[in-house]
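**Q** Just passing along the structure, written as structure tokens.
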Amino acid sequence: MRLLHTSRYELREFSGPDNAIPEYAILSHTWEDDEVLFSDFRCQSSLEKAKSEKTRSWHKLLKTCERAKYDGLEWVWIDTCCINKESSAELSEAINSMFRYYSDAFVCYAYLSDYLIREHDYPDVEHGNAAFSNCRWFTRGWTLQELIAPDQVVFFDAEWRDLGTKTGMKEAVSSVTGIPVQVFEDGSLLNTSIAAKMSWAAERQTTREEDCAYSLMGLFAVNMPPLYGEGGERAFMHLQEEIIKYSTDQSIFAWVQEDVPGTSTRHRGLLARSPSEFKASGHVRAMTIRSDFPYSLTNRGLHIYLPMTRVYDIITHDSDNVFVAYLNCTVVTARGVEHLGIYFRKLDGPERLYERWHPERLWATRPNIQGLKIKEIFVKEFHPYQGRQGLWSGDSKRLRNPAEILFTWKKSASSVCSDTLLELDSTGPGTTTAGRRYELCYRSNPDEESRPPQKLDLLFAHDWKGQLSLSLHHKEEGVWAWRILERMMDAYRLCPHSRDQVIMPLNEHESLLVQARKVQRPEHVKSDFPVGFRLEFSTCRREISSSSLHLRRPMITSFPPLYDKSMYSKYLSAAFKIAYYTLRK
């Protein structure tokens, strides 16, 4: 551990047992653009240059040392200059030791650089004030553990005037952070669930996205090597994997998916992607009666035992494969103390393999779960940024003739299509949602005319704002093409985006790409919808020289937008006819 002397402004490294490290003060602050760094202390000339060019951060360093000397301390620790961030090994050690650094400190100075007593007065000890609540310090990821770990935290304003301590201002700090007052009173986290601790970080931000996970390691008493570049979601999932190695608290699974454009999907595993998904889990409690069944990560997914009951899914109308599993945690609602449950859906393939279903929901109820059968299951994990697998087998031989799409098709209204968008909360003038189902017939190889054509349902649903969902659903069970698709080909998949696409494997070497996107409606076109929609079709093949996909020229390059039902029928009919003749040619 490297410390800064409060009078000589020299860095000194301490090693060995903890009693060999002198008492020190520690600074908690938000970084500025011109911080004094470890490299500035390498020689006297670089230090003098830093004093003249980095005046604000040097003043912050001086005031920290001045306050420490006032408290009778000779040493301080400041993250900007006491860590050599050019050394990956030292940076990794510091990140894994950060919670202990703050916990072992004699006192922690929390510097609020955007708060001035002379402008905002002293914050009320119970309620604070608006300026105190809006301080940037309360929005940063790293400052969470810097608030909780030390026994003593003293707040200072921008002019280094004493605002009070976290204990003396516990009610005000609690109202800003959502952390219960009891945590500031006794400093114990033993009775706090994992979900509740995650909720404290739900709205905090970090400069490096991976730090959303690394800044929480000390809070959960786990360690892992930081890997910058893996992405925030992967880093956070790795954090949860470390936590469940040592904890039986199932509240770690009590999260809900955020309603953020571009991220909505039903198909998830048991691990959250971000602390923000625990935003509503601050009142979740882990049950004191623990399950005797362990759970662990395997190459098939998370292996766990849970009491489960089959339920009817009103969205997908599935009564066979959807379940509610009850976690070993509770939440207090207006109806009292209730058990929390999550939805699962049984996957095709290996027995006992499930996925988390409807991740945007938690089930709270008061059943007698003692009589429910405990099932042993594996929950598949869908890692972010997972590479898409190939759509074809390893054989790269080209077909002499492309697949044949027949222009025999049927159009029908589909209430199911409308159901896919009911959860978008997108009510609007005239029509809320609309959808159509189209039946497409095709042959994998036109040379095999004796075989009956295969049938495919194309579902297109949209709401009045232009969010749409495009899905393909095969009518025949066990067709080889669907078994090798990574994307779940569910006809009722929720996809609230302004564009969507699906790939239909026609044979081992060729696919049909169907794309739908929103376009602006011209002012002279009258319609209930302020936007139009365009469907485009392309073929794609696997080339011999490469394993990547190469798109051929679009079969329909100028397909007019669809604004109402009459235009729908006219242009989609033309679309399939053009597709048919193009492929036959």
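In full-length UniProt numbering, the protein residues as written are 1 to 585. The beta carbon of each residue, even a glycine, is placed where N, CA and C say it ideally should be.
Would you call Ala89 buried or exposed, if buried means 16 or more other Cβ atoms sit within 10 Å of its Cβ?
**A** Its Cβ having fewer than 16 others within 10 Å, Ala89 is exposed.
**Q** My understanding is that Ile194 touches Asp249, with C-beta atoms under 8 Å, so please give their C-beta distance in whole angstroms.
**A** About 5 Å separates the two Cβ atoms, so the contact holds.
**Q** Can you check which of these residues, Thr55, Leu227 and Leu37, is closest to Ile83 by C-alpha distance?
**A** Minimum Cα distance to Ile83 is reached at Leu37.
**Q** Whole angstroms is fine: what's the gap from Asp33's alpha carbon to Ile377's?
**A** Answer to the nearest angstrom: the Cα atoms are 50 Å apart.
**Q** Under a three-way DSSP split, which group does Pro17 fall into?
**A** Three-state DSSP puts Pro17 in coil, outside helix and strand.
**Q** Using a 10 Å radius around the Cβ and a threshold of 16 neighbouring Cβ atoms, would you call Glu53 buried or exposed?
**A** Per the 10 Å Cβ criterion, exposed.
**Q** Would you report the Cα separation of Leu73 and Glu23, rounded to the nearest angstrom?
**A** One C-alpha to the other measures close to 7 Å.
**Q** Rounded C-beta distance between Glu355 and Val324? I'm assuming under 8 Å.
**A** Contact flag wrong, Cβ pair sits at about 14 Å.
**Q** Compare the Cα-Cα distances from Asp313 to each of Arg345, Glu35 and Ala334 and report the closest residue.
**A** Considering only alpha carbons, the answer is Arg345.
**Q** Count the other CB atoms within 10 Å of the CB of Pro275; is the residue buried (16 or more) or exposed (fewer)?
**A** Pro275 should be labelled buried.
**Q** Assuming Tyr102 and Pro150 are in contact, meaning their beta carbons sit under 8 Å apart, how far apart are those beta carbons, in whole angstroms?
**A** Between Pro150 and Tyr102 the Cβ distance is about 5 Å, and since that is below 8 Å, they are a contact.
**Q** Which word fits Ser39, buried or exposed, when buried means at least 16 other C-beta atoms lie within 10 angstroms of its C-beta?
**A** The residue is exposed, with fewer than 16 neighbouring Cβ atoms inside 10 Å.
**Q** What does the Cβ neighbour count give for Asp124, buried or exposed, with the cut at 16 atoms within 10 Å?
**A** So Asp124 ends up on the exposed side.
**Q** Here's a check: name, in chain order, each residue in its chain whose Cβ is nearer than 7 Å to the Cβ of Glu241, leaving out the five neighbours to either side.
**A** These residues qualify, in order along the chain: Leu297.
**Q** Using the C-alpha atoms, what's the distance from Ser199 back to Arg335?
**A** Cα-Cα distance, rounded: 22 Å.
**Q** Counting only the same chain and skipping the five closest in sequence on each side, list residues whose C-beta sits under 6 Å from that of Ser46.
**A** Same-chain partners within the cutoff: Asp40.
**Q** By how many angstroms is the C-alpha of Leu271 removed from the C-alpha of Ile252?
**A** Approximately 8 Å, taken between the alpha carbons.
**Q** Does any heavy atom of the ligand FMN sit closer than 8 Å to the C-beta of Glu536?
**A** Judged by which ligands are present, the structure shown has none, so any question about the ligand FMN falls away.
**Q** Determine the burial state of Val181: buried for a count of at least 16 other Cβ atoms within 10 Å of its Cβ, exposed for fewer.
**A** Under this definition Val181 is an exposed residue.
**Q** Leaving aside the five residues before and after Ser92 along the sequence, list all residues of the same chain whose C-beta is less than 7 Å from its C-beta, in chain order.
**A** These residues qualify, in order along the chain: Pro225 and Pro226.
**Q** If Ser215 and Thr206 are in contact, beta carbons under 8 Å, what's the gap, nearest whole angstrom?
**A** Indeed they touch by this definition, with Cβ atoms about 6 Å apart.
**Q** Kindly list the residues whose CB is nearer than 8 Å to the CB of Ser7, restricted to its own chain and excluding five residues on each side of it in sequence; keep chain order.
**A** The answer, listed in chain order, is Cys65, Lys69 and Glu74.
**Q** So Leu306 and Tyr326 are in contact, right, with Cβ under 8 Å, and what is the actual spacing, rounded?
**A** With 8 Å as the limit, Leu306 and Tyr326 qualify as a contact, their Cβ atoms being about 7 Å apart.
**Q** Just the C-alpha distance for Asn134 and Trp142, rounded to the nearest angstrom, thanks.
**A** Looking at the two C-alpha atoms, the distance is approximately 17 Å.
**Q** Below 6 Å CB to CB, which residues in the same chain sit around Lys375 once its five sequence neighbours on both sides are set aside?
**A** Excluding residues within five positions, the ones whose Cβ falls inside 6 Å are Met308.
**Q** Below 6 Å CB to CB, which residues in the same chain sit around Tyr9 once its five sequence neighbours on both sides are set aside?
**A** Cβ neighbours of Tyr9 beyond the five flanking positions: none.
**Q** Considering only the beta carbon of each residue, do Val153 and Val107 sit closer than 9 Å?
**A** It is a contact, given that the beta carbons lie within the stated cut-off.
**Q** In three-state DSSP terms, what is residue 598?
**A** A question about residue 598 goes unanswered here, because the residues of the chain that appear run from 1 up to 585.
**Q** Buried or exposed for Cys43, going by 16 or more other Cβ atoms inside 10 Å?
**A** Counting Cβ neighbours within 10 Å, Cys43 comes out exposed, since fewer than 16 surround it.
**Q** What does DSSP give as the partner residue(s) for Lys375 in the beta ladder?
**A** Answer by DSSP bridge pairing, in chain order: Leu306.
**Q** Start and end of the alpha helix (DSSP H) containing Glu241?
**A** First-last of the alpha helix (DSSP H) with Glu241: Gly232 to Tyr246.
**Q** Buried or exposed for Lys170, please, with buried defined as at least 16 other CB atoms from any protein chain shown within 10 angstroms of its CB.
**A** Classification for Lys170: buried.
**Q** Quick check: what's the CA-CA separation for Ile21 versus Ser15?
**A** Those two C-alpha atoms are separated by around 7 Å.
**Q** Residues in the same chain with beta-carbon distance under 8 Å from Pro172, minus the five sequence neighbours each way, listed in chain order, please.
**A** Just to set this straight, residue 172 is Ala in the shown sequence, not Pro. Here the set comprises Pro123, Asp124, Val125, Glu126, His127, Gly128 and Phe132.
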